[in-house]
Amino acid sequence: MQPSQKQRISNGLHRFSDQPVQESLSYCMPPIQNFDPNSCSEDSSHGTHPSALTFEQYCTLESSSGTSGYFVHNSPSTVSVSPNGSPISQPDSQSFPIDPHQSPDNICSSPVSGSCLTDDVDDLRHKIRELETAMLGPDLDILDVYPITNLVGPNQNQIPSQAEKWKQMMEMISRGDLKDVLCSCAKAIADNDMVTAEWLMSELRQMVSVSGEPIQRLGAYMLEGLVARLASSGSSIYKALRCKEPASAELLSYMHLLYEVCPYFKFGYMSANGAIAEAMKDESQVHIIDFQIAQGSQWVSLIQGLAARPGGPPQIRLTGIDDSTSAYARGGGLDIVGKRLSRLAESCKVPFEFNAAAISGTEIQLEDLGVRPGEAIAVNFAFVLHHMPDESVGSQNHRDRLLRLVKSLSPKVVTLVEQESNTNTAPFFHRFLETLNYYLAIFESIDVTLPREHRERINVEQHCLARDIVNIIACEGVERVERHELLGKWRSRFMMAGFTPYPLSSLVNATIKTLLENYCEKYTLEETDGALYLGWLNRVLVASSAWS
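Here the sequence shown is numbered in the working numbering, starting from 716 and rising by one per residue.
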């Protein structure tokens, strides 16, 4: 795709974050809403259809409209469909709107050229094998990861013909099998089959909708990531383009709503706080180092809990490390967080001191942490370490460097909360499948608490989730900052840095179970090897562990 042909992609959208710190004492324990148990209904009849297609909305997901629109863009090889179902490249064709009701047979422009055929049987078999390799890769192991059964015939030993492959993909589209079409499009891009990819993207634009079923809504952002990948514009989506972002107060409200409707952040914060409170139960001077303090809401309930500790509260120092997204959402620097938490601690009669470290986690050095002799140190890594580049990105392995730095502090406890997903070093297609399955569970869980016609739900998904999705799919190298790892990999990193597991107590487990009673019964909680796993149905989404 030439630079002049790159299309404008919708702006950067914000990652998971937490709720703002409130001024009142009642916020010491965040309120837990009781949702209507009927919200777990699987009825999907209230989904909506994709909106009409307009040029202005091409590949742009505007939160104000609540609808999704796409347009086929100019390309050196814009795709149309021949009467036999195979796409035909049309060099230098112009943009044109796609009528969702138009039959593929009415779009065709030219028959298949006879020059594509051969009378040599061996040569034909070779060409078919080349096509299969181009579409499915040199091996078929990926079919075990996600069964795209539409791309192979009933007889696994029989190589389908080219015409049969296109016929099967047309049938996939006619069935409205959105998940399979998304995977087929990603596979075509992975194999550099741009003709197939652009044809499938033109079909996907008619199948996705930011106001439809969970797979349709997620599909809109997955498609945006695919388009951005081809346009090499993924980094511009992830970076904060302030002119299109919502106002900071609006963004903060979206973060707060996501915090309330899903238990993921409460689970992470409560489990981490439980481990810290237990490790510090006999300490008089406590220094907590939070590598991404965000709005500071994690520490509200801990301050209240330590205030009620038998024998009186300890003296607390809290070092907060900032990030640009949280700073924008709160509308100012870390002094805002420090003042709010200081007022809260004063009202709870807890000696408190706030140390602001307005610096990126990758730049943190020992002197930035302000450690003092005699302090019991707790370090908190909540939803932050996956942003640190490792050895797969460059020579600067900040992921492991930070762990060694923290270990040198001899902390009493280190808490780790991360998304249980494998997107760090996985190749593009595997990463696409992992992202699709992971975020589909997230979108389904949102669906049971926020109605699809809920305007704020669209804003929450666009401004708190979609940017991460696009970054994972569209970006590579240093520009891909969303690099999740499974707890097993984190465990190896922590143990290589000299840490040993600090099992979470049964009290923490019981507290989380009580929390989940206020949510849909489809959420799951498992404890394995001292770590807690929060999931949705059969998909684990967040893992929490502690180390010393």
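Where is the CB? At the ideal position from N, CA and C, for every residue including glycine. Only a predicted model underlies this, so the values are computations on that prediction, with no experimental measurement involved.
Sorting A1009, W1014 and L1059 by C-alpha distance to the C-alpha of R1045 places A1009 at the top. Between the region 1117-1124 and the region 1184-1203, the count of C-beta pairs closer than 8 Å stays below three; the two stretches do not touch.
Per DSSP, R1254 is one residue of the beta strand (DSSP E) stretching across R1254 to W1262.
Here Q1080 is exposed. Its C-beta has fewer than 16 other C-beta atoms within 10 Å.
In the DSSP assignment, D1115 falls within the alpha helix (DSSP H) that extends over H1113 to K1122.
Looking at the DSSP output, D1005 shares a beta bridge with G1035 and N1095. The C-beta distance from I1036 to G1076 rounds to 6 Å, short enough to fall under 8 Å.
The beta carbons of S986 and L1219 sit closer together than 8 Å. In the DSSP assignment, the residues bridged to W1251 are Y1238 and R1254. Judged by their CB atoms, Y1238 and L1231 are nearer to each other than the 8 Å cut-off. Between V923 and Q931, the C-beta gap is smaller than 8 Å, which places the two residues in contact. Proximity to L1124 across I1092, E1149 and T1140 peaks at I1092, based on C-alpha coordinates. Secondary structure in the region 903-931: the alpha helix (DSSP H) runs of 4 residues or longer, each lying completely within the stretch, are 909-919 in chain order. Of the candidates A878, L1180 and T1226, the residue whose Cα lies closest to the Cα of P929 is L1180. Collapsing the DSSP output to three states places F1209 in a helix. The three-state secondary structure of L1219, taken from DSSP, is coil. In the DSSP assignment, F1144 falls outside any beta strand (DSSP E) and within the unbroken alpha helix (DSSP H) covering F1143 to D1162. Between the C-alpha atoms of S1160 and C977 there is a straight-line separation of about 7 Å. Classified as buried, Q883 has 16 or more neighbouring CB atoms from the shown chains inside 10 Å of its CB.
E1090 is the residue among Y1043, M916, E1090 and L1017 whose C-alpha sits nearest the C-alpha of V1001.
If you look at N1233, you'll find it isn't in any beta strand (DSSP E); DSSP assigns it neither H nor E. For L1081, no beta strand (DSSP E) run applies, since DSSP gives it neither H nor E. Take T1130, set aside five residues on each side of it, and the residues of its chain with a beta-carbon closer than 6 Å to its own are A987, A990, N1095 and A1261, in chain order. The three-state reading of DSSP puts Q883 in helix, counting H, G and I together. Between the C-alpha atoms of F1147 and Q1007 there is a straight-line separation of about 27 Å.
Boundaries around F980 are those of the alpha helix (DSSP H), Y979 to A994, since no beta strand (DSSP E) includes it.
Taking C-beta atoms as the reference points, L1056 and F1069 count as a pair closer than 8 Å. Burial check for E1168: the Cβ neighbour count within 10 Å stays below 16, so the residue is exposed.
Annotation for A1022: no beta strand (DSSP E) segment contains it, though the alpha helix (DSSP H) segment containing it runs Q1013 to A1022.
If you compare the alpha carbons of R1208, I904 and P1025 with that of D1105, the shortest gap goes to R1208. Secondary structure at T1040: helix, using DSSP grouped into helix, strand and coil. Using a Cβ distance threshold of 8 Å, H1178 and Y969 count as a contacting pair. Residue range L1049 to S1062 is occupied by the alpha helix (DSSP H) that includes L1059. From the listed residues L1049, A1023, R1254 and A903, the smallest Cα separation to L1155 is found for R1254. For the 8 Å CB-CB criterion, T1140 and S1110 do not form a contact.
Assignment of beta-bridge partners to T1243 by DSSP yields A1246.
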